[in-house]
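Student: Have a look at this one before I ask anything.
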Amino acid sequence: MLLIDERDQWKTHHRLRHRASIKAFRWLSRKNIIKARPGERFRIQRHTVRIAGLPGELAGLTIAHLSDLHVGTIIRPEFLPSIVDKINAIGADLIANTGDLIDHDNQYLAPTVEALAGLEAPLGVYHVLGNHDYRDDGPAVIDALRAAQLNVLVNEHHRVAHRGRHIAVAGIDWAQHPVNIAHLVDHACGQANGDDFKLLLAHHPHALDPAAEHGVHLVLAGHTHGGQFVFRKNRHGRESIGLGNFKFRYAQGHYTRHRTHLYVTSGLGGSFPLRFRCPAEVGVLELHPA
Numbered sequence: 211m212l213l214i215d216e217r218d219q220w221k222t223h224h225r226l227r228h229r230a231s232i233k234a235f236r237w238l239s240r241k242n243i244i245k246a247r248p249g250e251r252f253r254i255q256r257h258t259v260r261i262a263g264l265p266g267e268l269a270g271l272t273i274a275h276l277s278d279l280h281v282g283t284i285i286r287p288e289f290l291p292s293i294v295d296k297i298n299a300i301g302a303d304l305i306a307n308t309g310d311l312i313d314h315d316n317q318y319l320a321p322t323v324e325a326l327a328g329l330e331a332p333l334g335v336y337h338v339l340g341n342h343d344y345r346d347d348g349p350a351v352i353d354a355l356r357a358a359q360l361n362v363l364v365n366e367h368h369r370v371a372h373r374g375r376h377i378a379v380a381g382i383d384w385a386q387h388p389v390n391i392a393h394l395v396d397h398a399c400g401q402a403n404g405d406d407f408k409l410l411l412a413h414h415p416h417a418l419d420p421a422a423e424h425g426v427h428l429v430l431a432g433h434t435h436g437g438q439f440v441f442r443k444n445r446h447g448r449e450s451i452g453l454g455n456f457k458f459r460y461a462q463g464h465y466t467r468h469r470t471h472l473y474v475t476s477g478l479g480g481s482f483p484l485r486f487r488c489p490a491e492v493g494v495l496e497l498h499p500a
């Protein structure tokens with residue numbers, strides 16, 4: 211299967227490159243760049259998303275969206291309780307985590323899962339995996355989340371009731387090839403009830419395209435880190451421009467395709483420890499009818 215090939219490629223081609231890049235940053239900066247970053251150093255980025263056809267009963271629904279913790283060299287396990295406390299203090303109805311829980315290997319998997327178990331929201335906390343979660347042993351990450359009775363969505367959806375309406379919370383496994391992404395979105399969303407509000411969690415933001423074909427209302431994604439370097443901020447109706455735009459159609463922030471909305475968070479961690487005009491964030495989306 212193509213999905214198995216993708217995972218093997220990430221493990222084979224990226225682990226050594228990741229280690230080499232970290233060593234290079236350490237050497238070039240005399241260890242001044244590669245430093246642990248305290249967990250409170252992120253912003254709460256609030257957005258109002260107006261969605262056509264959103265039932266009135268769901269007006270004001272809030273979703274806290276985190277992604278790309280990359281627990282390891284920069285975000286240390288001991289910083290996670292502070293992050294969890296700040297997210298819980300938001301008081302969101304639902305919490306979505308769109309992958310890359312760990313950075314490089316499963317050394318810190320146990321304390322990461324233990325900390326994430328402290329996240330609380332009335333409608334639940336939902337997780338999907340990203341590419342970094344497969345660099346060591348992806349199935350072990352899934353098993354650890356499930357053993358802790360956390361909601362990890364692997365090409366499936368979970369139906370939750372809210373104010374007399376239903377929300378289909380769907381999630382797909384890591385994939386980057388468009389054919390694979392489309393196949394997984396079809397599997398996760400294809401059986402959802404047509405009257406449900408459809409929320410899709412995906413690590414790769416290009417899931418927007420097939421999600422729009424399924425009538426998904428809102429897609430949440432990460433993976434890009436917002437590019438980490440942004441040269442022009444989103445202002446006066448102009449899209450931000452940064453490193454993420456060279457690789458991704460949807461690099462950072464709010465996008466729409468047909469009637470489907472996408473929010474791409476800049477995330478909490480990163481592949482390398484430098485950010486420019488692109489701070490770490492947790493997104494808070496408040497939904498209202500268009």
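Numbering follows our numbering, with no gaps: position 1 of the sequence shown is 211. Beta carbons: idealized from backbone N, C-alpha and C, even for Gly.
1) Determine the direct distance from the alpha carbon of residue 423 to that of residue 396, and round the result to whole angstroms.
2) Could you tell me the distance, in whole angstroms, from the CA atom of residue 212 to the CA atom of residue 318?
3) Per DSSP, residue 401 forms a beta bridge with which residues?
4) Taking the Cβ atom as the reference point for each residue, do residue 365 and residue 411 lie within a distance shorter than 8 Å?
5) Along the chain, where does the beta strand (DSSP E) that runs through residue 307 open and close?
6) Going by DSSP, what residue range makes up the alpha helix (DSSP H) through residue 272?
7) For the beta strand (DSSP E) holding residue 287, just list the boundary residues, first then last.
8) Please check the pair residue 413 and residue 384, which I expect to be a contact at CB under 8 Å, by giving their CB distance rounded to whole angstroms.
9) What are the partner residues of residue 409, as DSSP defines its beta bridges?
10) Taking the alpha helix (DSSP H) that residue 487 belongs to, which residues open and close that run?
11) Let's test the definition: count the other Cβ atoms within 10 Å of the Cβ of residue 491 and tell me whether it reaches 16, buried, or not, exposed.
12) Could you tell me which residues DSSP pairs with residue 258 in its beta bridges?
13) Give the single residue among 338, 258, 306 and 287 whose Cα lies nearest to the Cα of residue 276.
14) So what does residue 414 bridge to, in DSSP terms?
15) To the nearest angstrom, how far is it from the Cα of residue 461 to the Cα of residue 336?
16) Where does residue 404 land, buried or exposed, given buried means 16+ other C-beta within 10 angstroms?
17) Kindly say whether residue 269, judged by its beta-carbon, lies nearer than 8 Å to any beta-carbon of chain B.
18) According to the Cβ coordinates, are residue 352 and residue 362 closer than 8 Å?
Tutor: With the structure as the only source:
1) Each residue's Cα considered, the two are about 9 Å apart.
2) Bear in mind that the predicted position of residue 212 carries a pLDDT of just 47, short of 50, making it unreliable; the figure below should be weighed with that in mind. So the alpha carbons of these two residues sit roughly 28 Å apart.
3) Residue 401 is not bridged to any residue.
4) No. Outside cutoff.
5) That run of the beta strand (DSSP E) goes 304-307.
6) Looking at the DSSP string, residue 272 is not in any alpha helix (DSSP H); the run it does join, the beta strand (DSSP E), is 272-276.
7) Premise fails: residue 287 is in no beta strand (DSSP E) and is neither H nor E.
8) Contact between residue 413 and residue 384 holds: their C-beta atoms lie close to 5 Å from each other, under 8 Å.
9) Its beta-bridge partners are 379 and 428.
10) Residue 487 -> no alpha helix (DSSP H), and no H or E assigned at all.
11) When all chains shown are included, residue 491 counts as buried.
12) Residue 258 is bridged to 496.
13) Restricting attention to 338, 258, 306 and 287, the CA atom closest to the CA of residue 276 is found in 306.
14) Paired residue(s): none; residue 414 is not in a bridge.
15) The C-alpha of residue 336 is placed about 22 Å away from the C-alpha of residue 461.
16) Classified as exposed, residue 404 has fewer than 16 neighbouring CB atoms from the shown chains inside 10 Å of its CB.
17) The structure shown has no chain B; it contains just one protein chain.
18) Yes. Within cutoff.
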